[in-house]
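First the structure, in the form of structure tokens, and then the observations on it.
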Amino acid sequence: MNDIITGWNREQMAQRAAVDIPDGCYVNLGIGIPEKVAKYVPEGREVIYHTENGLLGMGSTPEPDKQDPELINAGKKPVSAIPGAAYFHHADSFAMIRGHHIDICVLGAMQVAENGDLANWSTGAADAIPAVGGAMDLVAGVKTIYVITQHNTRDGSAKLLKKCDFPLTGQAVVSRVYTDLAVINITRQGFEVIELAPDIEFDYVQQRTDAKLINKT
Amino acid sequence: MNDIITGWNREQMAQRAAVDIPDGCYVNLGIGIPEKVAKYVPEGREVIYHTENGLLGMGSTPEPDKQDPELINAGKKPVSAIPGAAYFHHADSFAMIRGHHIDICVLGAMQVAENGDLANWSTGAADAIPAVGGAMDLVAGVKTIYVITQHNTRDGSAKLLKKCDFPLTGQAVVSRVYTDLAVINITRQGFEVIELAPDIEFDYVQQRTDAKLINKT
Amino acid sequence: MINKQVESPAAAVADIVDGSTVMVGGFGEAGSPIELLHALIDKGPGNLTVINNNTGSGHVGLAALIENRQVSKMICSFPRTANSTVFPDLYRAGLIELELVPQGTLAERIRAGGAGIPAFFTATTIGTPLIEGKEVRTIDGRDYVLEYSLKADFALLKSHQADRYGNLTFNKTARNFAPVMAMAATTTIVQTANLVKAGDIDPEIVITPGIFVDRIVTVHDPALESKLVAEGVKYPS
Amino acid sequence: MINKQVESPAAAVADIVDGSTVMVGGFGEAGSPIELLHALIDKGPGNLTVINNNTGSGHVGLAALIENRQVSKMICSFPRTANSTVFPDLYRAGLIELELVPQGTLAERIRAGGAGIPAFFTATTIGTPLIEGKEVRTIDGRDYVLEYSLKADFALLKSHQADRYGNLTFNKTARNFAPVMAMAATTTIVQTANLVKAGDIDPEIVITPGIFVDRIVTVHDPALESKLVAEGVKYPS
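First to last, the protein sequences are chains A, B, C and D.
Under the numbering used here, the letters of the first sequence match residues 1 to 217, in that order.
Under the numbering used here, the letters of the second sequence match residues 1001 to 1217, in that order.
Under the numbering used here, the letters of the third sequence match residues 2001 to 2237, in that order.
Under the numbering used here, the letters of the fourth sequence match residues 3001 to 3237, in that order.
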């Protein structure tokens, strides 16, 4: 496993996920790589971004002189509002989430299991400060959950597993995982690799995964 | 009981109740005599009227040429909005009611029991079309419930009873009853007459009530 | 480009079929989507379950839909009305079913349906015959009844303004049930008097965000129920 | 004449005592009522239970209240923060209690507290350690957990506009928890940048109706948390 091959970089992972966001969708993007998805949605598609702190129709990051510290996203970064946006309070915002009105949520992950279980909020370590934010609400309520994550941790351990070790964010909630190495669907049969990053071999991905992969490329 | 003595008329009943509406209250007025209470609130007091169809800060009936068929009260009659009013949807409106934010509600009644039980929505007759509207929400949620009613039905039967015959709107909810004959508090001891209409004797009221009255005049 | 406009009330209701559950906005005539209701009469699906606070008045709008025998069940808080015998006559004849729900519980059950809350406790109806068959639980010393959420296949609503995304504002007390019904229906259909450009409605004053709306149809001068009733109009004539 | 204005932040928080439960508006710095929080530090009550989405940042506002050891318990969804070690340090030392609640459940529990709903079911946290000790029920084939409402003795909020009745509007995403907290607190205290005449806020665009508000204090140029943090401000200095 020392023989590291470079797959997709962070931008390319976001770009690959963006291809799968259909026209007209309502989408919630998590903090980190998922945030980058917005800038890669193919031309000709209109997608409406929801940020759970209370804005539908979130636009791009404004120039520093146009920023309002009270117009921020869920990651607490300055954003803008598109023409046709709407502000609302937290109970209404999570009614959108819990009530299955958001079409797609793209999240980061610590671990994903082959049945779609997601762990992305706590390592379960004794001295960790537990913090969950809106992640459990999102995975319980949004119609389709996509994950973008490095295929492995920095120390090389697998993040795609038969079963998660970390405390769960939600059970059987993830539909698809975009990693630096592959695009992987979660099906009743388990992880199905539907696409490999350039120059990445299926066996290379399998070696870096702690569950059986099915090759559907 | 043929010897009918006239007590307070409808306007006077409303006027008497209005005296007990403190300054600064949020008040919901039912259809009928209760609606009249608003015009008799003593000068120098500011009271905010809530109508459960979605307006806080309900004002008086506008001139016909100023009426909007979509600005109505719970009785579906045209009203106005005071400067400082607010519109909201039904779930928010009943959150105000159910969440104990309204101070006083003044309602009509078919029957009131000495423990404060109220029946004002159905005679229980087999061919009656049941209709409850917001009455059950109001009695369950508003802090103080006052009733304005004729002391007796048109055929002379008592409306103030030991126990209601008709299906209840709420249990032990009424604090005070304003009738054409008297003002009656509901206490742990039962009905306490605290004031009699001019020329009305306590015994006269007792004869027309199917429960023991306590004289506190 | 997202554009939820459809060309006519008829097109807007074209996929409402026999047996659908339909929420209809309005409290009395305030907010009643008359033109959508008349399109639904023209289209003709039957065996509908309709959720509205009332049962309409006269022989137009919701009352006409009921009179046309398209409704097998009403879920409402106040089915009696001063100027319509349509519902009472059918109800007494055993030809229409009624689920009577207190107004606030009705609004909250609809809001719950839209907010992904399957059930909640409320004190409303405790001590009344309406709790029959329902679960009661004491919480912090007070009794509450468990109520389940309400959802619908369709909602028919009337708005003041709308844009192509489906962002809505309402006129005064015409707002009533519309925002929660928009959340609780699979397909939310809105007639609007004023279609405006995206961005013309300040994001601070949007009442119903477009995510809850599926179809917008412009009806410039919506009929007023009270005027039609006063004129003795009957639909279909 | 109804007039909910008070003359200063100090007067507004004067009756908050040891052991009170206090809801604090804001998501990060958006909507954070810094001046009211600093008045609460000056006043000094301890053993507070505080409800907020986060735990503040730097050494001002909510973080300063915690650092001043006035808070014995936080109820929040995301206590970690990039630029504050105040809560983490106290938590690791066992000196402050934490009730971790998912953000949407937190908002809904507060809304329920204000709406007279003592408890409701939600699917959020099913399959996670956060359901431990809670009632789970299957409704229509899906599992849900029973969550109870949250109320408070006081809410401290920041608004954009306010009138003497307490009608409020907010600035963009500063709205966040304020409307539901206003409903759920016995005494709701609001700092506003703009006090306007009754009637200056269009009834169609009032976000929080005055019935939910008890006290208004004008703070013309509220401090910005991020600016104070960048400047290294510590309160009390």
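The beta carbon of each residue, even a glycine, is placed where N, CA and C say it ideally should be.
Please classify residue i as buried or exposed, where buried requires at least 16 neighbouring CB atoms within 10 angstroms.
i                  : result
Lys1077 of chain B : exposed
Val1041 of chain B : buried
Asn2052 of chain C : buried
Glu1976 of chain C : Missing from the structure shown is residue 1976 of chain C; chain C here goes from 2001 to 2237 and no further.
Arg3109 of chain D : buried
Gly3094 of chain D : exposed
Val2017 of chain C : exposed
Arg2111 of chain C : buried
Ile3207 of chain D : buried
Asp199 of chain A  : exposed
Lys66 of chain A   : exposed
Would residue i and residue j be called neighbours here (beta carbons separated by less than 8 Å)?
i                  : j                  : result
Ile33 of chain A   : Gly116 of chain A  : no
Gly2127 of chain C : Gln1171 of chain B : yes
Asn1185 of chain B : Phe1202 of chain B : no
Val3229 of chain D : Ala3193 of chain D : no
Ala3185 of chain D : Gly1099 of chain B : no
Lys3043 of chain D : Glu70 of chain A   : no
Phe3177 of chain D : Glu3147 of chain D : no
Ala197 of chain A  : Ala182 of chain A  : yes
Ile31 of chain A   : Gly57 of chain A   : no
Gly3061 of chain D : Glu3225 of chain D : yes
Ile1148 of chain B : Val1173 of chain B : no
His90 of chain A   : Tyr26 of chain A   : no
Arg3175 of chain D : Gly54 of chain A   : yes
Asp2163 of chain C : Asp2200 of chain C : yes
Val2086 of chain C : Thr2055 of chain C : yes
Straight-line CA distance for residue i to residue j?
i                  : j                  : result
Gln1015 of chain B : Lys1039 of chain B : 8 Å
Met1 of chain A    : Thr209 of chain A  : Low confidence applies here, because Met1 of chain A scores a pLDDT of 47, under 50, leaving its location unreliable; read the following figure in that light. Cα-Cα distance, rounded: 12 Å.
Thr2188 of chain C : Leu1118 of chain B : 39 Å
Arg977 of chain B  : Val1019 of chain B : It is not possible to answer for residue 977 of chain B, since the shown part of chain B is limited to 1001 through 1217.
Gly7 of chain A    : Thr179 of chain A  : 9 Å
Ala113 of chain A  : Glu3231 of chain D : 45 Å
Pro64 of chain A   : Gln2191 of chain C : 41 Å
Gly124 of chain A  : Leu2168 of chain C : 44 Å
Phe1166 of chain B : Ala1085 of chain B : 37 Å
His2038 of chain C : Val2233 of chain C : 12 Å
Asn3003 of chain D : Asn120 of chain A  : 48 Å
Asp92 of chain A   : Glu2132 of chain C : 32 Å
The alpha helix (DSSP H) that contains residue i, what's its start and end?
i                  : result
Val2229 of chain C : 2225 to 2230
Met3181 of chain D : 3178 to 3184
Gly59 of chain A   : Not the alpha helix (DSSP H): Gly59 of chain A falls in the beta strand (DSSP E), residues 55 to 59.
Tyr2091 of chain C : 2086 to 2092
Ile3034 of chain D : 3034 to 3043
Ala3010 of chain D : 3009 to 3012
Starting from residue i, trace the beta strand (DSSP E) both ways and give me its first and last residue.
i                  : result
Met2074 of chain C : 2071 to 2076
Ile82 of chain A   : 80 to 87
Tyr204 of chain A  : Tyr204 of chain A -> not in any beta strand (DSSP E); alpha helix (DSSP H) instead, spanning 202 to 207.
Lys2158 of chain C : 2152 to 2162
Met3023 of chain D : 3021 to 3024
Ala2119 of chain C : 2119 to 2122
Ala140 of chain A  : Not the beta strand (DSSP E): Ala140 of chain A falls in the alpha helix (DSSP H), residues 135 to 141.
Where does residue i fall in DSSP's three states?
i                  : result
Phe3170 of chain D : coil
Phe1094 of chain B : helix
Val37 of chain A   : helix
Glu2099 of chain C : strand
Phe1166 of chain B : coil
Met1110 of chain B : coil
Gln15 of chain A   : helix
Lys3134 of chain D : coil
Arg2215 of chain C : strand
Thr1051 of chain B : strand
Ala2063 of chain C : helix
Asp3018 of chain D : coil
Thr1006 of chain B : coil
When you check each C-beta in the region 82 to 116 of chain A against every C-beta of chain E, which residues fall closer than 9 Å?
-> Here the protein chains are A, B, C and D, and chain E is not one of them.
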